[in-house]
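Below is one structure; the comments refer to it alone.
Chains as they are written, first to last, in the working numbering: chain A, 1 to 115; chain B, 1 to 113.
Structure representation (structure tokens):
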């Protein structure tokens, strides 16, 4: 497809379960971001990749969160031992270059509900 | 640390009326400013951005925003709204030289017939 694709669209997990969220950025895009959007809030930065290198993971809320982009294209955000406070929409965005003023192309997000 | 404030969580307005969505950011250090729009069941899309130069920036669908450094504001305006403008609007800022965007909490614009 032409846009950023995220899967699954919805995920329901039991507390303590591990989940994996997938992001397919636009082909050729160098930069990839993960954001977390809680209900009624704006997106909050989680982590940033330039190609396969994870340059910033300062926004990951705990060591239960892990992100990877091994071949510089598809990225996976993994959450271990999910907690109720992890319930949110997880957004992936990509941009064609590494420039601070670049336009971000967002996916529709994965809505995670932890019961 | 940089922060963004969108004071209005919801703004109802009648069709063809003007609208202003307010955005203030905390730091006057050199910044880039953005407005993103999220239509129902879609991802965020860039509406317009300020990087440098003219303080007034415009989008292709009639929105405009003005960068005001002294007031650290970047309010979004449209002189006449349409039903199709119903969406959530997010203001975002990034400090020059960084790639980290800080988003506001969003303003839900509802255009009424």
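We treat Cβ as the ideally placed atom computed from N, Cα and C, and that holds for glycine.
The DSSP-derived three-state label of residue 18 (chain A) is coil. Using a 10 angstroms sphere on the CB of residue 35 (chain B), the tally of other CB atoms reaches 16 or more, which defines it as buried.
Closer than 9 angstroms at the C-beta level to chain B, one finds these residues of the region 25-54 of chain A: 31, 33, 35, 37, 40, 41, 42, 43, 44, 45, 48 and 50. The three-state reading of DSSP puts residue 79 (chain A) in strand, counting E and B together. Within the region 102-113 of chain B, the residues whose Cβ lies closer than 9 angstroms to some Cβ of chain A are 102, 103, 104, 105 and 106, listed in chain order. Contact between residue 95 (chain A) and residue 105 (chain A) is confirmed by a C-beta separation of about 7 angstroms, below the 8 angstroms threshold. Proximity to residue 25 (chain B) across B:103, B:112, B:109 and B:110 peaks at B:103, based on C-alpha coordinates. DSSP, read as helix, strand or coil, puts residue 52 (chain A) in coil.
In this structure, DSSP gives residue 10 (chain B) an extended state, which the three-state scheme calls strand. One thing to note: residue 13 (chain B) has its Cβ no nearer than 8 angstroms to the Cβ of residue 77 (chain B). According to the DSSP assignment, residue 74 (chain B) belongs to the beta strand (DSSP E) that extends over 73-78. Of the other Cβ atoms in all chains shown, 16 or more fall within 10 Å of the Cβ of residue 69 (chain A); this residue is therefore buried. Contact with chain A is found for residue 42 (chain B), since one of that chain's Cβ atoms lies less than 8 angstroms from the residue's Cβ. The region 79-92 of chain B makes no contact with the region 4-18 of chain A; the number of CB pairs closer than 8 angstroms stays below 3.
Residues of chain B whose Cβ lies closer than 8 angstroms to the Cβ of residue 109 (chain A) are, in chain order, 43. In the DSSP assignment, residue 108 (chain B) falls within the beta strand (DSSP E) that extends over 107-112. Residue 94 (chain B) carries a strand assignment under DSSP once its states are collapsed to helix, strand and coil.
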